[in-house]
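As structure tokens, the structure follows; a few thoughts come after it.
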Amino acid sequence: MRKLKQVKLMFLGCGFLASNFIPFVLPHASQIILIDRERVEIANYDNYILPKGYEGKRKVTALATLIQILSNVPVTPIHMNVKVVEQLIELHRQLKPDIAICTFDNVTARIIARQYALEMNTPTLFIGVTEDYIYIDWDRYVVLPSPNEVEDEMKRIRDICSRLEFRELGAIASGLAYYSFRRWLEKGEKVAFIASTKDGIDVSMLRRC
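Numbering of the sequence shown is given in our numbering, commencing with residue 987 and proceeding in unit increments.
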């Protein structure tokens, strides 16, 4: 049986996208680092994959517990509000991740994550959803809102992340993101996806490098 290559992953954001995606990558993880500033709300159980009984507790703690239930992968939970790129650069120097996975639902934090990826030359896979739309893209290629669009985009994403009818977006996004992750892991290729779910499922794949 072929041995799977394993890498150290750093998750920027521990919301519903991360909770859906993490089970896919556990066989490929030598260590997982979790970064998020929020706490679990009861409504999160509609969209997230989380152990029961974690309402009011840190999301990084809840996801770390899920990882420990599902695997023996070492996990480092960091409860942090990411406000400046220097925070991520310092963590990178301490923990030395091989790849970052950005699922922040805060668009300002996504912009900081992209800046970190470019400054540290860290492969960073961005997973995002808006209504009827999914994007999976890499570091220098991902398109994020301009500063004057950030507030509207934040409201739209947060609304989607809290609505039960968008649970399928997490499942679809995770499957596409896993494909992108595996291509990078096994072949060093960066593959992006744009998917529309407005009328069925329409997926386009882009070869970045």
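Beta carbons: idealized from backbone N, C-alpha and C, even for Gly.
| Check | Outcome |
| --- | --- |
| DSSP beta-bridge partners of ALA1086 | MET996 and THR1110 |
| Neighbourhood of LYS1043 by C-beta distance below 8 angstroms, restricted to the same chain and skipping five residues each side | ARG1025 and VAL1026 |
| Top-ranked residue by Cα proximity to ASN1030, from GLN1017, LEU1012 and LEU1049 | LEU1049 |
| 8 angstroms Cβ cutoff met for LEU1171 and LYS994 | no |
| Whole-Å CB distance - LEU1056 paired with LEU1012, under 8 angstroms assumed | 6 angstroms |
| Complete runs of the beta strand (DSSP E) confined to the segment 1024-1092 [at least 3 residues] | 1061-1065 and 1085-1088 |
| Whole-angstrom distance between GLU1117 and SER1129, CA atom to CA atom | The residue you asked about is not Ser; residue 1129 is Val in the sequence shown. Cα to Cα, the separation comes out at about 17 angstroms. |
| Cβ contact (3+ pairs, closer than 8 angstroms) linking the segment 1095-1104 and the segment 1151-1160 | no |
| C-beta contact flag for MET1066 and ARG1100 at 8 angstroms | no |
| Own chain, CB closer than 8 angstroms to VAL1059, minus 5 neighbours either side, in chain order | LEU1012, ALA1015, SER1016, GLN1017, ILE1018 and ILE1053 |
| Candidates ASN1006, VAL1061, ARG1169 and THR1047: closest to MET996 by CA position | VAL1061 |
| Residues near ILE1146 by beta carbon distance below 8 angstroms, same chain, minus five either side | Model confidence at ILE1146 stands at a pLDDT of 47, short of 50, so the residue's coordinates are unreliable; what they give is reported in the following sentence. Hits under 8 angstroms: VAL1115, THR1116, GLU1117, PHE1152 and LEU1155. |
| DSSP-derived helix/strand/coil call for THR1094 | helix |
| Alpha-carbon to alpha-carbon, PHE1007 and LEU998 | 12 angstroms |
| Continuous alpha helix (DSSP H) stretch holding VAL1128: start and end | That residue, VAL1128, is in no alpha helix (DSSP H); it is neither H nor E in DSSP. |
| 8 angstroms CB neighbourhood of ILE1187 in its chain, flanking five on each side removed | ILE1158 and ALA1181 |
| DSSP bridge partner residues for LEU1020 (one or two, in chain order) | PHE997 and PRO1063 |
| ARG1193 in three-state terms, based on DSSP | strand |
| GLY1174 classed as buried or exposed, judged by whether at least 16 other C-beta atoms fall within 10 angstroms | exposed |
| Residue burial classification, ASN1107 (beta-carbon count within 10 angstroms, cutoff 16) | exposed |
| Closest by C-alpha distance to PHE1179, when choosing among GLY1039, ILE1120 and PRO1063 | ILE1120 |
| DSSP three-state assignment for ILE1187, whether helix, strand or coil | coil |
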